[in-house]
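Engineer: Residue numbers for the sequence shown follow my numbering, beginning at 197 and rising by one.
The C-beta atom is built at its ideal place from N, Cα and C for all residues, glycine as well.
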Amino acid sequence: MKPKSFRLKAVLFDFDGTLTMPGALDFPGIKKAIGCPLDQPLLEFIASLPTAFERERAHRMLDEFEAQAAIRSVPNEGAEDLIRTLKAIGLKISIISRNSRCSILRSLENFENISASDFDVILSREESVAPKPSPDSVFLAAQKSNAEVWQTLMVGDYFIDVEAGNRAGAWTALLKNKDKQIPDDLQSDFTISNLAELVGIVRLGLPLKAGKLPNDILDIFLKILPRDDPSVVLFPGVGEDVAVVDGSATDLIVLKSDPITFVTESMGRYAVAVNANDIATCGATPRWLLTTLLFPLHVTPWEIRGVMTELAGVARECGIALVGGHTEITDAVTRPVVTGMVVGTVSSSRFIDKKKMKPGDLLLFTKSAALEGTAIIAREFPDRLAESGMTQEEIRRCRNLISGISILKEAAIASGFKGVHAMHDVTEGGVATALAELSTAGGHRLRIEADKIPVFPETEKICRVLGLDPLGLIGSGSLLIACSPVDFEKLIKGMEEARVSVSCIGEVLDAGLGVEAVSGGIRMAWPCFERDELTRLYK
197 MKPKSFRLKA VLFDFDGTLT MPGALDFPGI KKAIGCPLDQ PLLEFIASLP
247 TAFERERAHR MLDEFEAQAA IRSVPNEGAE DLIRTLKAIG LKISIISRNS
297 RCSILRSLEN FENISASDFD VILSREESVA PKPSPDSVFL AAQKSNAEVW
347 QTLMVGDYFI DVEAGNRAGA WTALLKNKDK QIPDDLQSDF TISNLAELVG
397 IVRLGLPLKA GKLPNDILDI FLKILPRDDP SVVLFPGVGE DVAVVDGSAT
447 DLIVLKSDPI TFVTESMGRY AVAVNANDIA TCGATPRWLL TTLLFPLHVT
497 PWEIRGVMTE LAGVARECGI ALVGGHTEIT DAVTRPVVTG MVVGTVSSSR
547 FIDKKKMKPG DLLLFTKSAA LEGTAIIARE FPDRLAESGM TQEEIRRCRN
597 LISGISILKE AAIASGFKGV HAMHDVTEGG VATALAELST AGGHRLRIEA
647 DKIPVFPETE KICRVLGLDP LGLIGSGSLL IACSPVDFEK LIKGMEEARV
697 SVSCIGEVLD AGLGVEAVSG GIRMAWPCFE RDELTRLYK
């Protein structure tokens, strides 16, 4: 029996009709020629023939039919791309077929981009184990792949493929071909209409790297959540910083939670800032803070007191009341983890919804890219920076950038302009990810002039010596603003008067998704970071 956890090491494929286009083998015609009733499986019928002569004759006929079909056989749509993708991931790949090995190898010669050598295991009917729907071939393929059977996924287009996988305890995926009759009571773990869909399924069984859950996977999971509470104004979504519920006739309640996992120093400041920042992006005022503090074994009360004191002090600076939470010492963590939850309020008339951004809005960016990441690296890896040639004065300046990770000031200024249609703060994945999220949440394409995104010299130096990209480095302290051209100049002036540096880096385009970027007038591919650049330093 397979466990509930879906973890893959190997993918096992049926061959005919799965990796090849269905129809090369005319099973009704073959059965008629051999004398097998249409409602009986062919190999089992041949095995039941009373004499060795009859069995050998039937096998020779079947071999000839398969040989001719192998010549006509062509790859199924997406099969070659799928195999290459799975190999690149590092999964073991097997073929489990009731066909002869000779016909399988001949069919693979018709593939242009893969060959028999791309498969770790090929099991045909010549094996000593019973063929599908017996589970024996699945057990054997798992063994040869150095995987437990529950770490394998059996993929096929016929009920015997799914039955073999189920009986073995493997995960199963049914490829629905139009010409195959499938029993109504057949139960597979997954059902696909084409091979390309299998990539998304396989990803669900692969270990994730450190960092935020990739947005494309998050989007799938969020769509499963119920959305039937009429009091919810803003449901969760990629690029949405907060949840918003209707609190009264005039006010909306805005909620946000976020953990601090990258740092061990100044956790209280980070916990307050990153949560309050998100509250402010919709025009709300952050008001109340709750925290969950998890400490490793052997922590002292004095150390816990230090975190609590910092939380309360930073919250007071931001006009936020620390009103509760939970503190625990547990072997579930090896270093302190602080999770903050901030609650704020905003009048319904002043609520800023990203979906209201409009074509022609100008995109503003405050401060500098990777501000938070620069401060974290200087605090967590000072020796590494010194060894790379940075001076102690440079490292000190980078450490002090922590004082700028709040965007409450600029968000409050921007919220005062009716022409501000959307705001989004930069966090994990840097400004590159933040712009992609803003596009998703706002439902519009964005045009960005990448060379206009400011980067502090210290940040450039850190990224250069450590081999990081500042566009993908965590950047709390920077705010993205979509503003109407009508209010653009006034907003710029307001920021300058408040001594907040701001740059115009692009504009909002028509409805759609994605970021179009240019650098020096030349189009460039917008970078995508599945995980923050900072995580590369924690290997």
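With a CB to CB cut of under 6 Å and the five nearest residues on each side skipped, what residues in its chain are close to residue 673?
Structural biologist: Only 563, 567, 568, 600 and 601 meet the Cβ criterion.
Engineer: Quick check: what's the CA-CA separation for residue 507 versus residue 518?
Structural biologist: Their backbone Cα atoms lie some 8 Å apart in a straight line.
Engineer: Helix, strand or coil: which one does DSSP assign to residue 252?
Structural biologist: Of the three classes helix, strand and coil, the one that applies to residue 252 here is helix, per DSSP.
Engineer: For the candidate residues 452, 407 and 349, whose alpha-carbon lies nearest to that of residue 468?
Structural biologist: Nearest C-alpha to residue 468: 452.
Engineer: DSSP on residue 445, reduced to helix/strand/coil?
Structural biologist: Reduced to three states, the DSSP call for residue 445 is coil.
Engineer: In terms of alpha-carbon separation, which member of 582, 310, 306 and 287 lies closest to residue 268?
Structural biologist: Measuring from the Cα of residue 268, the nearest candidate turns out to be 306.
Engineer: Which value, in whole angstroms, describes the spacing of the CA atoms of residue 275 and residue 371?
Structural biologist: In a straight line, the C-alpha of residue 275 is about 12 Å away from that of residue 371.
Engineer: Applying the criterion that 16 or more other CB atoms from any shown protein chain within 10 Å of the CB defines a buried residue, is residue 367 buried or exposed?
Structural biologist: Under this definition residue 367 is a buried residue.
Engineer: Can you look up residue 423 in the DSSP assignment and give me helix, strand or coil?
Structural biologist: In the structure shown, residue 423 sits in coil (DSSP, three-state: anything other than H, G, I, E or B).
Engineer: Roughly how many angstroms separate the alpha carbons of residue 330 and residue 227, rounded to a whole number?
Structural biologist: C-alpha separation (whole angstroms): 21 Å.
Engineer: With distances taken between CB atoms, is the gap from residue 477 to residue 621 smaller than 7 Å?
Structural biologist: Going by C-beta atoms, residue 477 is nearer than 7 Å to residue 621.
Engineer: Starting from residue 720, follow the beta strand (DSSP E) in both directions and report where the run begins and ends.
Structural biologist: 718-720 is the extent of the beta strand (DSSP E) around residue 720.
Engineer: Nearest by alpha-carbon distance to residue 572: which of 730, 341 and 647 is it?
Structural biologist: Comparing Cα-Cα distances from residue 572 to each of 730, 341 and 647, the minimum goes to 730.
Engineer: Beta-carbon separation of residue 464 and residue 488 under 7 Å?
Structural biologist: In this structure, residue 488 does not lie closer than 7 Å to residue 464 by Cβ.
Engineer: Measuring only the C-alpha atoms, how far is residue 300 from residue 218?
Structural biologist: Their Cα atoms are separated by approximately 14 Å.
Engineer: If you drop the 5 nearest sequence neighbours on each side, which residues of the same chain put their C-beta closer than 7 Å to that of residue 203?
Structural biologist: Closer than 7 Å at the Cβ level, and outside the excluded window around residue 203, lie 347 and 401.
Engineer: At the level of alpha carbons, what is the spacing between residue 250 and residue 260?
Structural biologist: Roughly 16 Å separates the two Cα atoms.
Engineer: Name, in chain order, the residues that DSSP records as bridge partners for residue 182.
Structural biologist: Only positions 197 to 735 of the chain appear in the structure, and residue 182 is not among them; the question remains open.
Engineer: Taking DSSP's pairing of strands, which residues face residue 620 in a bridge?
Structural biologist: Answer is 676, bridged to residue 620.
Engineer: Taking three-plus beta-carbon pairs below 8 Å as touching, is the segment 633-650 in contact with the segment 486-504?
Structural biologist: Judged by Cβ distances under 8 Å, the segment 633-650 makes no contact with the segment 486-504, as fewer than three pairs qualify.
Engineer: Have a look at residue 408 and residue 584 and give me their C-alpha separation to the nearest angstrom.
Structural biologist: If I take the Cα positions, the gap works out to 28 Å.
Engineer: Express the C-alpha separation of residue 364 and residue 358 in angstroms, rounding to a whole number.
Structural biologist: Straight-line Cα distance between these residues: approximately 10 Å.
Engineer: So, are the CB atoms of residue 351 and residue 369 less than 7 Å apart?
Structural biologist: Cβ distance < 7 Å, so residue 351 and residue 369 count as in contact.
Engineer: Going by CA-CA distance only, name the one from 263, 509 and 455 that's closest to residue 536.
Structural biologist: When only C-alpha atoms are compared, the closest one is 455.
Engineer: Helix, strand or coil, according to DSSP, for residue 565 in the structure here?
Structural biologist: Correct three-state label for residue 565: coil.
Engineer: Taking 7 Å as the limit between beta carbons, can you name the residues of its chain near residue 681, skipping five residues before and five after?
Structural biologist: Same-chain partners within the cutoff: 556 and 558.
Engineer: Which ranges would you report for the alpha helix (DSSP H) in the segment 655-734 if only whole runs of at least 4 residues count?
Structural biologist: Runs found: 681-693.
Engineer: Can you list, in chain order, the residues of its chain with a C-beta nearer than 6 Å to that of residue 338? Leave out the 5 residues immediately preceding and following it.
Structural biologist: Taken in chain order, the residues that qualify are 345 and 348.
Engineer: Apart from the five residues on each side of it in sequence, which residues of its chain come closer than 6 Å, Cβ to Cβ, to residue 544?
Structural biologist: So the list reads 448, once near-sequence residues are dropped.
Engineer: Hey, out of 324, 340, 707 and 326, whose CA is closest to residue 315's CA?
Structural biologist: Among 324, 340, 707 and 326, the Cα nearest to that of residue 315 is on 340.
Engineer: Taking buried to mean at least 16 other C-beta atoms within 10 Å of its own C-beta, is residue 694 buried or exposed?
Structural biologist: Under this definition residue 694 is an exposed residue.
Engineer: In chain order, what residues of the same chain lie with their CB nearer than 8 Å to the CB of residue 671, ignoring the 5 residues before and after it?
Structural biologist: If we look at residue 671 and ignore the five residues flanking it on each side, its Cβ neighbours are 565, 566, 567, 568, 569, 622, 623, 626, 627 and 630.
Engineer: Identify the continuous beta strand (DSSP E) that holds residue 367 and give its terminal residues.
Structural biologist: Run containing residue 367: 367-371, per the beta strand (DSSP E) assignment.
Engineer: Can you give me the Cβ contacts of residue 326 inside the same chain, cut-off strictly under 8 Å, excluding the 5 residues immediately before and after it?
Structural biologist: Once the five neighbours on either side are set aside, the close Cβ partners of residue 326 are 332 and 333.
Engineer: Using C-beta distances below 6 Å, list every residue in its chain close to residue 581, excluding the 5 sequence neighbours before and after it, in chain order.
Structural biologist: Contacts found: 591.
Engineer: Which of the three DSSP states, helix, strand or coil, is assigned to residue 491?
Structural biologist: In the structure shown, residue 491 sits in a strand (DSSP, three-state: E or B).
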